[in-house]
Amino acid sequence: MNAIRIENLRKTFGTFPALEGVSLEVERGELYGFLGPNGAGKTTTIRILTGLLLPTGGSVAVAGFDVVEEPLEVKRRVGYVPDRAFLYEKLTGREFLEFVGHLYGMDPRAVRREADPLLERFELLRWAEEMVEAYSHGMRQKLAMTASLLHRPEVVIIDEPMVGLDPRSAKRMKQLFLEMVDRGQTVFLSTHTLEVAEALCSRVAIIRRGSIVAQGTIDELRRQARHDDGSLEAVFLRLTEESDETPPPPLLEEGDEGPDLRIVRGGP
Amino acid sequence: MRGLLAPRWAAARRELGGAGGSRLAVLGVLGSVFLVGGYAISVRLLRHFVTVDPDLGRILAAKLLALLFLMLLGFLIFSTLITAVSQCFLAKDLSLWVAAPVPWWRIFRAKLAEVAVLGSWTALFLAAPVWGAYGTVFEAGFGYYLALVAVTVPSVILVSALGTLVAVALVNLFPARRARDLLSLVALVFVAGMVVLFRVMRPEQFVRPEDFGTWADYLVSLSNPMVPWLPSYWASRILGETLGIYQSTSWTAAAWYMALLVGTTVVVVAVAAGVFRESFTTGFSRSQEARQVKWTRRIWWRRMLEAAVRPFPRRVRAIVVKDASTFFRDPSQWSQMFLLLAVVAVYLYNFMVLPLDPAGGTGYFMRNLLAFVNVALVGLVVTALAARFVLPGVSLEGGTLWLLRTSPLTESELLWAKFWGGFIPIIVVAELLVVLSNRLLHTTFQLEVLSVAAVFCLSSAITGLAVGLGAAYPRFDANDGAEVASGYAGFLFMVLSALLVLFAVTVLAWPVYHSFRATWLGWGVGAREWGGLAAGLASVGALSAIALVLSMRRGRQRLELREE
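Next up, the structure:
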């Protein structure tokens, strides 16, 4: 049984087709990368996987359950971290984790048992009793990540995992992903950080204008792009390039000196 | 100014032009019903004054006009102050404005306009039918309506500038507090203001002429100006003169008070602009400071909360505890409790000072009539509380809704958690009001039972309506609960809730009348009377249950279909 199975997924917003027949399968215990340019349909796909959006057509199953027919079964087995995690500003970090744990039916002791090692790993333990409103963007992201892992989900879906993280936290996050996969959990991550995808993901799918344009291992993608020794960035650019793409206009026209940025010193 | 406020203007236009068009139509119809109803009642009242005794009627009408303006001033001061703190220091677009190369005066001008519009439209809407009635009854010409505009515009600007000035000054005077904490101060100021206002008005005097030595003393007391140094008095004098409400019209007086009003407005706006220029940036910076969690982290608080919600399922419990903790850590939320205390105090004080003969027949009738009307009044108090504290529940989840919707929490569990979190404090307050006021009125046993039961039914239905409509028509972009309450859901809720209360009073009126009569005539309350009361109560209970279930279902369905 696949951890994630998407068949001919379609989604339209009004008349705009955001997804046009997306199909992919993610194996259990796999770290799967989901790449694509801005507005390609990554976040829409993720929001359907997590039950935040309803599909217009096609079928989506996560951990063996259909997201439309049995959404609660899916939600019990999924951990989700959005790209911009809005959290409760007036709760402390620990209270927030207790709250999330209760939503997943955990008792306070179990929450503490699961949360403390994660808080320590993300260097949040000493901030646990502070209100979230005092947290930086990166700290919020790490707290959201901790919250998503409390109930030991079978599938973890992460939208832009490295946004706002300092290099040390980013390294720890990558290490955590690999440990999760070793434990048999499935990680589905959408990212623009191609080095992360290249270094971690066993397979990758690239979406463009609501359709999957390529999927497979990095080597398979290179072959599909006919770019055998290129980096993932080169492959990505090749696969997502627009046929009618025109080069962006120069920032400064010829002869234009740009704004006057000289510093005027005052005083006598 | 148009540049800074353009996004809000465009958003409002889009809201009204798109799916909001039908809402606008509903609001338009309901608003028109209110305006026409309020106008008709006011005309009838004023006509009654001037036809029964033209001289006394005119004095009373002038007094009422002055009272109206005094109340409007109090309302506007509070409303604009709250709006000013919120718009000048807490609005989401402020960071963008402050970071951009926008000169201070453009921010001041835009904020003053926002405060004036957002802080005053409710008051002006409520006052409009009364002003219209004055125009009709006193057969005013075009000059009156022109004067009305000429008085309203500087008054609103004056109070808005005052609100902005005080908000900026307070943020700078109390550096240790965050801007939101100021709202608690604002609420305290409002409570004090209300008490003062209440004493200044001394409304009980007007219905007790026997307390005055002579009839002449009574007339003199009525004719005395009310707080002549306040702009509300100047405004009422200008309108009174153009209406010809006084014995002789003095255009000199009208011009003098107009000059006073405009002059004061100019001075206050100039002072507010000066204070804004000097202190806005430091105040804005201070308002960003984080604060420590204090007593709501104490173990006794946690235990008390957890004990209170123990009977509920774990997920419902989690939401209620979270809501209670965030409520008491957010001064913009808990400071509203002062308002509640003020309402309760004024409410009970009214019953204490009522001039009712405890022994006579009129006294008996009036006491029990008031106790019966009290059911409706408590219903309206519950409506106000639910509009402010319960209705915004789902909207205030806002950006965090992703967390709830990706967890195994069902929409139904979320709404019931919001229901219980609101219902428990509301029912305590409502029943306390009913029991205490019944005690003060020495009402009959059967009415006491009836009012306690009816208020229970109404409170549950009103809380359900608030939760359901708040979920069906949420405003996730709102800055605070007050903004949600003043939106479409709030308006619809107020109307439906008022209709529910009206239905309850209508259904109960007949059996209550029969039980009064039986007691007064010495027949005793028998099975027939009790049966009538039970049937009335059952009708109220049934409609309350239907309202509760339907609104919760509507809220759940809309929330389930909502896509993030």
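Residue numbers (the numbering used here), protein chains in the order written: chain A, 1 to 268; chain B, 1001 to 1564. Cβ atoms here follow ideal geometry from the backbone N, Cα and C, with glycine treated the same way.
Residue 1007/B is classed as exposed because its beta carbon has fewer than 16 other beta carbons within 10 Å across all chains shown.
The C-beta of residue 1053/B comes no closer than 8 Å to any C-beta of chain A.
Excluding five sequence positions before and after residue 1049/B, the CB atoms of its chain that fall closer than 7 Å to its own CB belong to 1057, 1060 and 1061, given in chain order. About 7 Å separates the CB atoms of residue 91/A and residue 1322/B; that is less than 8 Å, so the two are in contact.
Around the beta carbon of residue 1095/B, fewer than 16 other beta carbons lie within 10 angstroms, which makes this residue exposed. A residue is called buried once 16 or more other Cβ atoms fall within 10 Å of its Cβ, and residue 27/A, having fewer, is exposed. A direct Cα-Cα distance of roughly 38 Å separates residue 1436/B from residue 1029/B. For residue 140/A, no CB of chain B lies under 8 Å from its own CB, so it is not counted at the interface with that chain.
Note that the region 1368-1388 of chain B touches the region 1493-1501 of chain B; at least 3 beta-carbon pairs, one per stretch, sit closer than 8 Å. One alpha carbon belongs to residue 1043/B, the other to residue 1132/B, and they sit about 8 Å apart.
Counted as a single uninterrupted DSSP element, the alpha helix (DSSP H) harbouring residue 1276/B occupies residues 1251-1286. Residue environment: residue 1041/B is assigned as exposed (fewer than 16 neighbouring CB atoms within 10 Å of its CB, all protein chains considered). Only residues of its own chain outside the window of five on either side were considered, and among them 1315 have a CB closer than 7 Å to the CB of residue 1409/B, listed in chain order. A distance of 8 Å or more separates the beta carbons of residue 1376/B and residue 1447/B. When the beta-carbon positions are compared, residue 121/A and residue 84/A stay at least 8 Å from each other.
In the displayed model, residue 1337/B falls within a helix according to three-state DSSP. Per DSSP, residue 75/A lies in no beta strand (DSSP E); the unbroken alpha helix (DSSP H) holding it starts and ends at 71-77. Just measuring C-alpha positions, the residue of 1433/B, 1411/B, 1303/B and 1108/B sitting nearest residue 1344/B is 1433/B. 8 Å or more divides the Cβ of residue 1077/B from the Cβ of residue 1148/B. The beta carbon of residue 51/A falls within 8 Å of a beta carbon belonging to chain B, placing the residue at that interface.
In this structure, the beta-carbon distance from residue 1555/B to residue 1468/B falls below 8 Å. Residues of the region 67-83 of chain A that bring their beta carbon within less than 8 Å of a beta carbon in chain B comprise 72, 75, 76, 78, 80 and 82, in sequence order.
Around the beta carbon of residue 1351/B, 16 or more other beta carbons sit within 10 angstroms, so the residue counts as buried.
Across the set 1423/B, 1259/B and 1393/B, the C-alpha of 1393/B shows the shortest separation from the C-alpha of residue 1479/B. In the DSSP assignment, residue 9/A falls within the beta strand (DSSP E) that extends over 4-13.
Considered as a whole, the region 172-209 of chain A harbours 194-200 as its complete alpha helix (DSSP H) runs of no fewer than 4 residues, in chain order.
In this chain, the beta strand (DSSP E) harbouring residue 18/A covers 16-26.
Your pair residue 215/A and residue 203/A checks out as a contact, with CB atoms roughly 7 Å apart and the cut at 8 Å. Here residue 1072/B really is in contact with residue 1127/B; their C-beta atoms are around 6 Å apart, less than 8 Å. Residue 133/A places its beta carbon less than 8 Å from that of residue 89/A. A contact is defined here as three or more CB-CB pairs under 8 Å, and the region 137-157 of chain A meets this definition with respect to the region 95-105 of chain A. For residue 1480/B, the nearest beta carbon of chain A is not closer than 8 Å to its own beta carbon. In the structure shown, residue 1164/B falls within a helical segment according to DSSP collapsed to helix, strand and coil. For residue 95/A, the chain B residues whose Cβ falls inside 7 Å of its Cβ are 1325, in order along the chain. Among the residues of chain A, none has a CB under 9 Å from the CB of residue 1411/B; the nearest is roughly 11 Å distant.
Residue 1492/B and residue 1242/B have their C-alpha atoms spaced approximately 37 Å apart.
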